[in-house]
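A short write-up of the structure that comes next.
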């Protein structure tokens, strides 16, 4: 039986301008919902977890001064105390990360502690304590809590909070569609797969008739994300019938046809995470030994201009700040995951949303009868929070926004009476970068290559976003609203910067770049990005779930395989490159995990935790079967 670790608490009052603005917003929200005037005091509590065999008194004697210096917001800020700054415990709410969830802050804080030789620290979480002062009325805690925290990643703490007790991961389930197709319909609803009738029939035929077995919940979730409109563009690449006449070519083919008439300067088009046009021969500063301290030299090379753009509409509609922030983060990774690795330069961002209905500023075209779904944020919240989120991520990563657009529109058409409005907002994120000519082409997968993940640990975050973003606005169903909320990612720009530096160092090796192929993790999570890497003539892989670093030990295989946790790339490399990339990752304090090997049999197999057997694997899919689906037919 393991001995419980020591849990130490240290406190710092929150007295900076940014915190005061945030507290005023909470006071205003509480006053509006509770119909009382309140004043809020706040402090930060740091929960420091140290090894059980360490003597607490000896630890504080040796490390408290150094730890206090690290925990202060700035050298001139308030000092760290071992006791709360509140005079009493009345009406105190403490909000922090879920205890099973090693937060990005903790990952970075522990890394900083170890760099400062405070080695006994194994986890360091940060909570916010609010003391709400009011006179004459009892506070309704249940209605106040949602105003204080993000229920996806945070919870309320009590005095007995423990960071070491948690339930085991949920087991893999088999969906018994062999006995009835109704069970597939049921799984579709419960897991939020967003299968339409054609999908249901296709997957029933695939498993019942071709594979002659029941699928796992992991496989169905994988297919829902990987084959969604968001990921595979089945509408854009499918057959289209307009007014009873089928188009001769798909929309995607029409778009590609423009290349026959455009300037012949495309270097990458329709084949990677970014496009590229021919650039210039110029001198660039490059490290002569990228994995250690070395001289920087100006070397001449051919470098091309790349551009990538995407929308992040659905997550931004549900949670504007994290939705827009991770839209920026995902697009940044699209830039550096071009070819065998590339460089980011600057960003572009655009917002489109419905009527704002600002207090005291009525506009003649705004219709007060327009209704908005409860699971989407109001346009005025999108305006403020989406802008804050996109800029916050870019600023923390170090990428400037150099241009963009903002549009608000919502009217009823006079001719038909139809309402036309950006109810589901648009978050457009674009970015320019550069790529070396020698790095513009990915190396196809072949038997024996290794699969690795680089970046942050796995979290139960961004679950089902590919499927959820591929359907229409969900309406007011509470069940769907919960699934929508779960699909929104949360970002960690500091980890993204570490990931960027690993990729940059690899690229600086030139022809000896250890990265053979790279894709950023997006919708569909590991189930999508790892299959992308091994979908070649010599494709297929065996992947071990136990090799993924977990930020949450309660994550099930379905969540590990399908969650779109951020700041993560997947790469292919040769075995003789392991030491090189591990040295780089260690220097940049970034995880690198060897999670699988290319088999060449065109099958993707995922082994369960603590399992080495391919029998009854959570995922066992034939890439040839998955790639033979006939195109969808859309009628307009």
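Residue numbers (the UniProt record's numbering): 1 to 636.
C-beta atoms are modelled at their ideal positions from N, C-alpha and C, and glycine is treated no differently.
It is roughly 11 Å from the alpha-carbon of residue 631 to the alpha-carbon of residue 199. Counting along the chain, no beta strand (DSSP E) covers residue 564, and no H or E run does either. Within the same chain, and ignoring the five residues on either side of residue 212 in sequence, no residue has its Cβ closer than 6 Å to its Cβ. Approximately 15 Å separates the beta-carbon atoms of residue 345 and residue 496; this is outside 8 Å, ruling out the contact. Distances from the CA of residue 47 to each of 145, 180, 33 and 83 were compared; the closest alpha carbon is that of 83. Residue 59 and residue 30 have their alpha carbons spaced roughly 41 Å apart.
The DSSP assignment places 39-50 as complete runs of the beta strand (DSSP E) inside the region 24-60, in order along the chain (cut-off: 3 residues). A contact between stretches requires three or more CB pairs, one per stretch, nearer than 8 Å, and the region 136-155 fails this requirement with the region 56-71. Annotation for residue 314: no beta strand (DSSP E) segment contains it, though the alpha helix (DSSP H) segment containing it runs 313-318.
Boundaries of the alpha helix (DSSP H) harbouring residue 528: 525-533, taken from the DSSP string. In this structure, DSSP gives residue 193 a state outside helix and strand, which the three-state scheme calls coil. By the neighbour-count criterion, in which a residue is buried when 16 or more other Cβ atoms sit within 10 angstroms of its Cβ, residue 449 is buried. In this structure, DSSP gives residue 301 an extended state, which the three-state scheme calls strand. Within the same chain, Cβ atoms closer than 8 Å to the Cβ of residue 562 are found at 218, 221, 222, 225, 463, 464, 524, 525, 526 and 527, the five residues on either side in sequence being excluded.
Annotation: residue 506 to residue 439 spans about 10 Å, alpha carbon to alpha carbon.
In this chain, the beta strand (DSSP E) harbouring residue 635 covers 633-635. Judged by beta-carbon spacing, residue 420 lies beyond the 8 Å limit of residue 534, meaning their Cβ atoms are not closer than that value. Cβ-Cβ distances below 7 Å link residue 513 to 340, 341, 439, 506 and 507 in the same chain, with the five nearest sequence neighbours on each side left out; the list follows chain order.
Exclusion of the five residues before and after residue 550 leaves 457 and 458 as the residues of its chain whose Cβ lies within less than 7 Å of its Cβ. Within the region 68-144, the alpha helix (DSSP H) runs of at least 4 residues that lie entirely inside it are, in chain order, 104-115 and 141-144.
Residue pairing by DSSP places residue 411 opposite 420 in a beta bridge.
Distance between residue 540 and residue 617, taken at the CA atoms: about 15 Å. Pairing residue 78 with residue 6 gives a Cβ-Cβ distance that is not under 8 Å. Membership of residue 277 in the beta strand (DSSP E) is indicated by the continuous run 275-287. The Cβ neighbour count for residue 408, taken over all protein chains shown within 10 Å, is at least 16; the residue is labelled buried. According to the DSSP assignment, residue 450 belongs to no alpha helix (DSSP H) but to the beta strand (DSSP E) extending over 450-455. When the Cα atoms are used, residue 560 and residue 116 turn out to be separated by approximately 32 Å. Rounded to the nearest whole angstrom, the CA to CA distance from residue 10 to residue 42 is 14 Å. The beta carbons of residue 238 and residue 633 sit closer together than 8 Å.
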